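Undergrad:
Number of protein chains: 2
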Amino acid sequence: LISVTNLRKVYSSGDEVEVVALKDADLTIEHGEFVAIMGPSGSGKSTLMHIFGCLDQPTEGTYLFDGIDVGGLSDDKLAEIRNKKIGFVFQQFNLLPRTSALDNVILPLLYNREFIDREKARLALDRVGLSERYHHHPSQLSGGQQQRVAIARALVTEPTLIMADEPTGALDTKSGDEIMAIFQELNEEGKTIILVTHELYIAEHAKRVIFLKDGEIVSDKRLKNR
Amino acid sequence: LISVTNLRKVYSSGDEVEVVALKDADLTIEHGEFVAIMGPSGSGKSTLMHIFGCLDQPTEGTYLFDGIDVGGLSDDKLAEIRNKKIGFVFQQFNLLPRTSALDNVILPLLYNREFIDREKARLALDRVGLSERYHHHPSQLSGGQQQRVAIARALVTEPTLIMADEPTGALDTKSGDEIMAIFQELNEEGKTIILVTHELYIAEHAKRVIFLKDGEIVSDKRLKNR
Ligand SMILES: Nc1ncnc2c1ncn2[C@@H]1O[C@H](COP(=O)(O)OP(=O)(O)OP(=O)(O)O)[C@@H](O)[C@H]1O
Ligand SMILES: Nc1ncnc2c1ncn2[C@@H]1O[C@H](COP(=O)(O)OP(=O)(O)OP(=O)(O)O)[C@@H](O)[C@H]1O
Ligand SMILES: [Mg+2]
Ligand SMILES: [Mg+2]
């Protein structure tokens, strides 16, 4: 599903010193895999996730998504892939501030011009334990509740690839376990899951763990017994 | 330093069902303590922290801060207490988006009309490992780097009370340990530290752990050997 070769990402902000966020990444992820990405703060995890999720383009190197060279695509075509195939949980949630939890979750259905199924959105919120918070705006939700709205939004279109950047970062252990149980169910149904986490007990729910350090992949291991 | 009695916080949003975020909390925290607050998502931790940090007022009950009844104070007086005595690390960081890391950290010094010590701000950023990111804006920083700017900002005025809402939530284990080492140093210097965390190994750096559940304190224990 995902194949990157010689992937390099450099951020340059005007006259500022450049930041090489990804140096030379080679990586393949097959359909149906369950991968955890770990590594120090600033090591390039979110950068890699944004490229995988077709939200950003590499500076150099190749990214084949489902066999298609993403580097050559127009913004419209990238948006189409994102909306149809990928569900993305952002590290900072990126919820619309003046919008209820329910409408935040409905949004991806709008983009897909699918029949806007309010019932589907409600069920997605129920699944993450927010059946009593449909009409709250983000500022009326706790940190962990906002994170769960972001998760529900990523799942409502039933995407084949789910990318989650620290999806349990704001959650207590029990809520975190409930979210991981959802991801494991989806993986058993054949969905591909890629998540970033800094907690080893969360990474252990995955079948493969990749470590990043200073923009490079330093380790890539299958987990035993999974 | 902190004494709350019969503390109750109810959020009512117009015609929406009310949310009782805190039911009836009684709690005392002495100068120089190191307290960790834990509990499920939505259990009232951030609400309690905002009241302690003089950022919000309870619906009922009494809050004595350093012997003063906070309920009776004007907004100006509350702001004065906050700026002079309290350093607050927010769960969502609350950084100014169009502002460099350095200027975000300098801000509390401005509010205090202290001599704006750029060197002090730089040292605060160095202490959290961001000496190479002074001029980056939040969107040019990783999640964990933004969190560390928020921590540096809370520490730059050398407050006597440090309140940190999930200060290691976005940090890998090593960066999290470095931050906890800073908090432990400050506590050994006599500062009072209150932090919210959902990770037990972080809570174990504190000397006392309080558990919240559904807006109530369900457990309050000294940690052995600390
Ligand atoms: N402005 C508001 N209006 C209505 N309800 C609110 C508001 N702010 C918070 N709440 C509700 O109050 C409850 C407690 O929120 P709080 O932010 O204190 O939880 P928390 O323990 O910090 O959770 P987390 O671990 O997820 O950060 C939650 O159920 C939340 O939905
Ligand atoms: N727009 C940008 N301009 C300049 N530098 C950037 C930009 N975005 C990110 N960076 C830098 O690129 C590096 C990698 O960032 P990234 O967000 O991928 O890290 P991360 O591994 O997700 O970290 P964390 O665990 O803290 O979330 C960081 O050092 C960061 O400062
Ligand atoms: Mg990140
Ligand atoms: Mg909170």
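Quick mapping for you: the protein sequence lines, in order, are chains A and B. For the first sequence, the numbering used here gives the first residue as 1, with consecutive numbering after it. For the second sequence, the numbering used here gives the first residue as 1001, with consecutive numbering after it. Backbone N, C-alpha and C define an ideal beta-carbon position, used for all residues, glycine too. In this text, all values refer to a predicted model and were calculated from it rather than measured experimentally.
(1) Can you tell me the Cα-Cα spacing of Ser1046(B) and Ile68(A), whole angstroms?
(2) Could you check whether the stretch 1021-1032 of chain B touches the stretch 1186-1197 of chain B, counting it as contact only if at least three pairs of C-beta atoms, one from each stretch, sit closer than 8 Å?
(3) Does His1198(B) come within less than 8 Å of chain A when only Cβ atoms are used?
(4) Is any heavy atom of ligand 2 found at a distance shorter than 7 Å from the C-beta of His1135(B)?
(5) Between Arg122(A) and Tyr134(A), is the Cβ-Cβ spacing less than 8 Å?
(6) Step through the CB atoms of chain B and report whether any lies within less than 8 Å of the CB of Thr62(A).
(7) Do you know offhand how far Leu130(A)'s Cα is from Asp103(A)'s?
(8) With DSSP as the reference, label Glu1216(B) as helix, strand or coil.
(9) Residues in its own chain within less than 6 Å of Val1010(B) by CB, not counting five upstream and five downstream?
(10) Enumerated in chain order, which unbroken segments of the beta strand (DSSP E) with a length of 3 residues or greater are wholly contained in the stretch 1024-1071 of chain B?
(11) With His205(A) and Met38(A) assumed to form a contact (beta carbons below 8 Å), what rounded beta-carbon distance in angstroms separates them?
(12) Ala1164(B) by DSSP, collapsed to three states: which one?
(13) Contact between the stretch 1048-1055 of chain B and the stretch 1076-1094 of chain B is defined here as three or more beta-carbon pairs at a separation below 8 Å; is this criterion met?
(14) Is any heavy atom in ligand 4 found nearer than 7 Å to the beta carbon of Ser175(A)?
(15) Tell me the DSSP secondary structure of Thr157(A) in three-state form.
(16) Compute the distance between the beta-carbons of Pro167(A) and Gly87(A), then report whether it is under 8 Å.
(17) Does at least one heavy atom of ligand 3 sit under 7 Å from the Cβ of Asp214(A)?
(18) Where does the unbroken alpha helix (DSSP H) through Tyr11(A) begin, and where does it stop?
(19) Please go through the same chain and pick out, in chain order, the residues whose beta-carbon is closer than 7 Å to the beta-carbon of Leu1171(B), but skip the five residues on each side of it.
(20) Output, in chain order, the set of chain B residues within a Cβ distance shorter than 7 Å of Gly169(A).
(21) Nearest by alpha-carbon distance to Thr28(A): which of Tyr201(A), Ser13(A), Ile194(A) is it?
TA: Let me spell this out:
(1) Those two C-alpha atoms are separated by around 45 Å.
(2) yes
(3) yes
(4) Distances from the CB of His1135(B) to the heavy atoms of ligand 2 are all 7 Å or more.
(5) If you check the CB distance, Arg122(A) and Tyr134(A) come in under 8 Å.
(6) no
(7) 13 Å
(8) In the three-state reduction of the DSSP assignment, Glu1216(B) falls in the strand class, which pools E and B.
(9) Cβ within range, chain order: Glu1018, Val1020, Thr1059.
(10) 1034-1038, 1060-1065
(11) Not confirmed; about 13 Å, so no contact.
(12) strand
(13) yes
(14) no
(15) coil
(16) no
(17) no
(18) Careful: Tyr11(A) lies outside any alpha helix (DSSP H), inside the beta strand (DSSP E) at 2-11.
(19) Gly1144, Gln1147, Ile1179
(20) Gly1169, Ala1170
(21) Ile194(A)
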